[in-house]
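Order-wise, the sequence lines are chains A and B. In this text, residue positions in the first sequence follow my numbering: the first is 1, and each later residue adds one. In this text, residue positions in the second sequence follow my numbering: the first is 1001, and each later residue adds one. Even for Gly, the Cβ is constructed at its ideal location relative to N, Cα and C. All figures in this text were calculated on a predicted structure; none of them were measured in a lab. Presented below is the structure to which this report refers.
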Amino acid sequence: MMDLKYTEILRLNNDLGNSLRGDRYCVTVLSNIITNQFNEIFEYVLRSEGINAAVTSGDYDNIVQDAIKYNKSDLVIIFWELANLIDGLQYKANLMDSESTEALISKVCSEIDFTISNLENASLVVFNKFSSIVFNHTNLRSNNFDVICNKLNNYLEQRKGNNFVLIDIEKIFAKISVTRSVDFRYYYSSKALYTIEFYKSYSQFIAPIIKSVKGKAKKALIFDCDNTLWKGILGEDGAEKIEISGKTKSGVVFEEVQNIALELSRKGVLIGLCSKNNPQDVDIILNEHPDMSIRNNNIGIKKVNWEDKATNLKAISTELNIGLDSLVFIDDSEFETGYIKDILPQVTVLKVPTNLYEYPQLIRSNHSLFFNVSQTREDDIKTEMYLQQAKRAEGKNAFNDIESYLSSLSLEVTVYQNVSDLIPRISQLTQKTNQFNLTTFRYTEADINSFITDGNTLVLAFDVKDKYGDSGITGVCIVNMEYENASADIDSMLMSCRVIGRNIEIAFFNFLINHLLNLGINELRAKYIKTFKNEQVNLFYDSLGFQCVNESNDFKDYVLQLNNYKRKEIDYIKINYGKEN
Amino acid sequence: MEKRIKNVMASVFNVEVSEINDDTSPDSLEHWDSLRHMHLITGLEEEFETTFTEDEIVEMLNYKLIYDTLKNKNL
């Protein structure tokens, strides 16, 4: 993208705009400078990820008022240029006495407050932090312009809502230089400041936020072992010769790589292995080698064998119940990386650089592939949960039939209704769940919050426990209630892949139907909207006795008279009803 | 050079190359407003690897004038 000419972007963007289908993703840019050239570049970046984006600008220098006008947009981006808070602030600031400085700051702070409150219910807001760098990067001492900048940023940090992501645009200046970020030719005549190159870098920088919201973030980082987690070939050099830590010249790089992986793992990214090696040799290194940072319990899935890597990556995707496009695979071999790119183009493939010192930075520069807007407790314990899953899978082999296995798990489901503490996790599940998801509607925290408070919606979330551990909140069902008609409509029904295959969904529906009957509901409507990934729930409602009343290629509408519900008792799952907040 | 200029204009204003003639200007093209003019300048600067002065930018208000400006720069 960075090497495309501007006119090429305009042309490609236009073509994509004509061919993309699916829900519009509306982005509004609010700004006190002219930023129009950003719109089509950002549109192109999103459209090339398959997001049917439309980017428009609010009125020039009308941020506070437009914040109300556009608060229904899927995304609001705010370019609030420090130098144009008042005309010429970059020089006027340095002649201001402390009184007028304070007056200006308090005026802007109140504008920030208005903007934040006007955008309180907006789905997502990307807000660029103020910066004085463009005008002041050659000054040895800070001046009043810097002081104003810092105070406003501190205020912003304190006040920003949960739906806000603050962006350090100075990181973009750091990457491409201030000189290449701004073009003063248009600043004085038309109040346009930034260059095409800046807009391209900025678009790439913030794109992971939108990808995360649209369920396109990567979920697992899969390493080869030899020359990828350590220097050397275990099978040939032996455990004593491979270099893993700062004790050796090349090892230092691998120690850093392993620790970056651990950092990602703490943020909920699954670390896995896909390597041609003897499994017991690798286990010895993972368990016993004193220089390893990554240990066996940090690894969520292991495919260490002599099968080809495409087969192994496919198995990883199946066993973890995540799409191939959620995987990032790292290998040092030209052959293996080329092979996977060829056979499994959905997988993101990274090759260990020939210059080893570039390796940690390569992983770091791909960090944002895993970016997650809401960080939740479930992310922190994810590897643990995947490991429990592996244990459960082992347990499965010991039983002949699945029912007796499930009975042995002591499954327990707790359903929570409209609990505001769970909003971040519920929103995250709507954004990340692709397979067991009947409608795949994506919702932000602000959306969920408005459902919970509108009085006509049941936002049900459930957690699943068994004797191996707690999966955390792993299921969501959003039901729109029409009490006056004694009917209800299921807007969303989804379950994390971690709890699929245990008849949890049936036990949950047994609960749901009773719950709705108690609330005076007789008729329940539901729909299935087909995507590339949710084939497995195509017949879900049919299996529960819903009548399909309308069907096309992409969706099915269902209705169920509650007294016709085909109840299938699942006596081995205990259902609890958590209390309402 | 004619072709390269017209290609840039066609991309920026989202019209066919054949619709552009000597007199094509902000008056004859709906999309050619002051904001799009910036897009046009950016497109031409990238295409011809040059930088226009402020005076040139405000002058280049039809196809003929764009052509002459670029010609004068000996590109």
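Inset, instruction - Determine, using beta carbons only, whether residue 1008 of chain B comes closer than 8 Å to chain A. - result: yes
Legend entry - Inter-residue Cα distance where the pair is residue 248 of chain A and residue 277 of chain A: 23 Å
Legend entry - Residue of A:199, A:204 and A:79 minimising C-alpha distance to residue 30 of chain A: A:79
Inset, instruction - Spell out the partners DSSP gives residue 551 of chain A in its beta bridges. - result: A:556
Inset, instruction - Consider the Cβ of residue 1069 of chain B: report whether some Cβ of chain A lies at a distance smaller than 8 Å. - result: no
Inset, instruction - Starting from residue 37 of chain A, find everything on chain B with Cβ-Cβ shorter than 9 Å and list it in chain order. - result: 1035, 1038, 1039 and 1042
Legend entry - Beta-carbon proximity of residue 479 of chain A to residue 461 of chain A, cut-off 8 Å: no
Inset, instruction - Could you check what DSSP says for residue 522 of chain A in three-state terms: helix, strand or coil? - result: coil
Legend entry - Collapsed DSSP secondary structure at residue 412 of chain A in the structure displayed: strand
Legend entry - Between the CA atoms of residue 572 of chain A and residue 207 of chain A - distance to the nearest angstrom: 45 Å
Inset, instruction - Kindly indicate which three-state DSSP category residue 256 of chain A falls into: helix, strand or coil? - result: helix
Legend entry - Straight-line Cα distance separating residue 56 of chain A from residue 1060 of chain B: 27 Å
Inset, instruction - Please list, in chain order, all residues of the same chain as residue 1073 of chain B whose beta carbon is under 7 Å from its beta carbon, the five residues on each side excluded. - result: 1050
Inset, instruction - Keeping to the same chain, check which residues put their C-beta closer than 8 Å to that of residue 1069 of chain B; ignore five residues upstream and five downstream. - result: 1052, 1056, 1059 and 1060
Inset, instruction - Determine, using beta carbons only, whether residue 135 of chain A and residue 192 of chain A come nearer to each other than 8 Å. - result: no
Inset, instruction - Report back the beta-carbon spacing between residue 441 of chain A and residue 492 of chain A to the nearest angstrom; my notes put them in contact at under 8 Å. - result: 5 Å
Legend entry - Residue(s) in a DSSP beta bridge with residue 194 of chain A: A:182
Inset, instruction - Please work out which residues of its chain come closer than 8 Å, Cβ to Cβ, to residue 286 of chain A, disregarding the five sequence neighbours upstream and downstream, and give them in chain order. - result: 292, 294, 295, 296 and 299
Inset, instruction - For residue 185 of chain A, go through chain B and note every residue whose CB falls closer than 7 Å to its CB, in chain order. - result: 1054
Inset, instruction - Determine whether the Cβ of residue 14 of chain A lies closer than 8 Å to any Cβ atom of chain B. - result: yes
Inset, instruction - Just the chain A side, please: which residues come within less than 9 Å of residue 1062 of chain B by C-beta, in chain order? - result: Going along chain A, no residue has its Cβ under 9 Å from residue 1062 of chain B, so there is no contact; the nearest lies around 19 Å.
Legend entry - Option nearest residue 74 of chain A by Cα separation, candidates A:112, A:95, A:125 and A:44: A:125
Inset, instruction - Let me know if residue 216 of chain A comes out buried or exposed under the rule of 16 or more other beta-carbons within 10 Å of its beta-carbon. - result: buried
Inset, instruction - Could you check the C-alpha separation between residue 1014 of chain B and residue 1005 of chain B for me, to the nearest Å? - result: 14 Å
Legend entry - Coil, strand or helix - residue 234 of chain A by DSSP: helix
Inset, instruction - Would you please verify whether the beta carbon of residue 191 of chain A is less than 8 Å from any beta carbon of chain B? - result: no
Inset, instruction - Could you round the C-beta distance between residue 120 of chain A and residue 161 of chain A to whole angstroms and report it? I think they count as a contact, below 8 Å. - result: 6 Å
Legend entry - Contacts that residue 10 of chain A makes with chain B (C-beta to C-beta distance below 7 Å): 1011 and 1012
Inset, instruction - State the DSSP-derived secondary structure class of residue 496 of chain A, mapped to helix, strand or coil. - result: coil
Legend entry - Expected contact under 8 Å - CB spacing of residue 643 of chain A and residue 555 of chain A to nearest Å: For residue 643 of chain A there is no data in the structure shown, the boundaries of chain A being 1 and 581.
Inset, instruction - Report buried or exposed for residue 243 of chain A, applying the criterion of at least 16 other Cβ atoms within 10 angstroms of its Cβ. - result: buried
Inset, instruction - Indicate whether the contact test is met: 3 or more Cβ pairs, each with one atom in the segment 451-460 of chain A and one in the segment 541-549 of chain A, closer than 8 Å. - result: no
Inset, instruction - Can you give me the Cβ contacts of residue 281 of chain A inside the same chain, cut-off strictly under 7 Å, excluding the 5 residues immediately before and after it? - result: 234 and 235
Legend entry - Below-8 Å beta-carbon distance, residue 1047 of chain B vs any chain A residue: yes
Inset, instruction - Go ahead and pull the three-state DSSP assignment for residue 463 of chain A. - result: strand
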